[in-house]
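> Can you keep this structure in mind? I'll have questions shortly.
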């Protein structure tokens, strides 16, 4: 597994790079040698943020953590990724055998602009959507750690949105014309 560590508006020290590479090396047993893990470290105000993305076989495993200390953020994101792997292990194994996994692109949530009292769109994402089942969309949303996921429904051939409800269940938004 190839591990790529980068910094957003910060320099990556050798100690930070070594810590991230050592922690992510735990995942080598799960993935083939061609898999790349991308870790992006950044600091915003007093928050030390790490985002880790591991795309493999069309699935994206993603975790993000922010704390007051970068080393704590690294440890927390590794724990989060391990929990995701355990929680979705059976589903992922079954889908890898079936060859049904087709998650290649995903949307990121829009960031709020705190400086201006007026709401505005500050980021636009475009992505290709491949048809998938609702259950696959829910799994992809969970793997990404998002609270919603936009996808092309293979059954209805329309764009749908799955989202996580406050009660822990999931909702599905289907367009009606």
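In my numbering, the protein residues as written are 1 to 177.
Positions of the beta carbon are idealized from the N, C-alpha and C atoms, including for glycine.
1. Taking the alpha carbon of residue 67 as the reference point, which residue from 48, 173, 9 has its own alpha carbon closest?
2. Nearest-angstrom Cα distance between residue 87 and residue 143?
3. Are at least three pairs of beta-carbons, each pair with one atom in the region 74-81 and one in the region 158-175, less than 8 Å apart?
4. Indicate whether residue 155 and residue 174 have their beta-carbon atoms separated by less than 8 Å.
5. Where does residue 156 fall in DSSP's three states?
6. So for residue 129, helix, strand or coil by DSSP?
7. Is residue 5 helix, strand or coil by DSSP?
8. Helix, strand or coil for residue 35? Go by DSSP, reduced to three states.
9. Do residue 63 and residue 43 have their beta-carbon atoms positioned less than 8 Å apart in this structure?
10. Give a yes or no on contact between the region 28-38 and the region 7-19, applying the rule of three or more CB pairs nearer than 8 Å.
11. Could you tell me if residue 127 is buried or exposed, where buried requires 16 or more neighbouring beta carbons within 10 angstroms of its beta carbon?
12. Take residue 176 as the anchor and find which of 22, 168, 169, 160 has the nearest alpha-carbon.
13. Could you name the residues of the same chain whose beta carbon sits closer than 7 Å to that of residue 10, not counting the 5 residues immediately before and after it, in chain order?
14. On the CB-based measure, 16 or more other CB atoms within 10 Å of its CB, does residue 172 come out buried or exposed?
15. Can the beta-carbon of residue 73 be found closer than 8 Å to that of residue 54?
16. Tell me which same chain residues have a C-beta within less than 8 Å of the C-beta of residue 98, skipping the five on either side of it?
17. Roughly how many angstroms separate the alpha carbons of residue 104 and residue 34, rounded to a whole number?
Answer, in terms of the structure:
1. For residue 67, the nearest C-alpha among the options comes from 48.
2. Going from the Cα of residue 87 to the Cα of residue 143 covers about 10 Å.
3. Look at the beta carbons and you see the region 74-81 not touching the region 158-175: under three pairs across the two are nearer than 8 Å.
4. With respect to the 8 Å criterion, residue 155 and residue 174 are not classified as neighbours on the basis of their beta carbons.
5. In the structure shown, residue 156 adopts coil according to DSSP, grouped into three states.
6. When DSSP states are grouped into helix, strand and coil, residue 129 belongs to the coil group.
7. Of the three classes helix, strand and coil, the one that applies to residue 5 here is strand, per DSSP.
8. Note: residue 35 maps to coil in three-state DSSP.
9. The answer is no: Cβ separation not under 8 Å.
10. Cβ pair count under 8 Å is below three, so no.
11. Counting of Cβ neighbours within 10 angstroms places residue 127 among the exposed residues, the total staying below 16.
12. Out of 22, 168, 169, 160, 160 has the C-alpha closest to the C-alpha of residue 176.
13. Around residue 10: 41, 42, 43.
14. That one is exposed.
15. No. Outside cutoff.
16. Confidence at residue 98 is low in this model, with a pLDDT of 49, below 50, so its placement is unreliable and no value can be given for it.
17. Its pLDDT being 34, under 50, residue 104 is placed unreliably by the model, and the measurement read from it follows with that caveat. Distance from the CA atom of residue 104 to the CA atom of residue 34, rounded to whole angstroms, is 16 Å.
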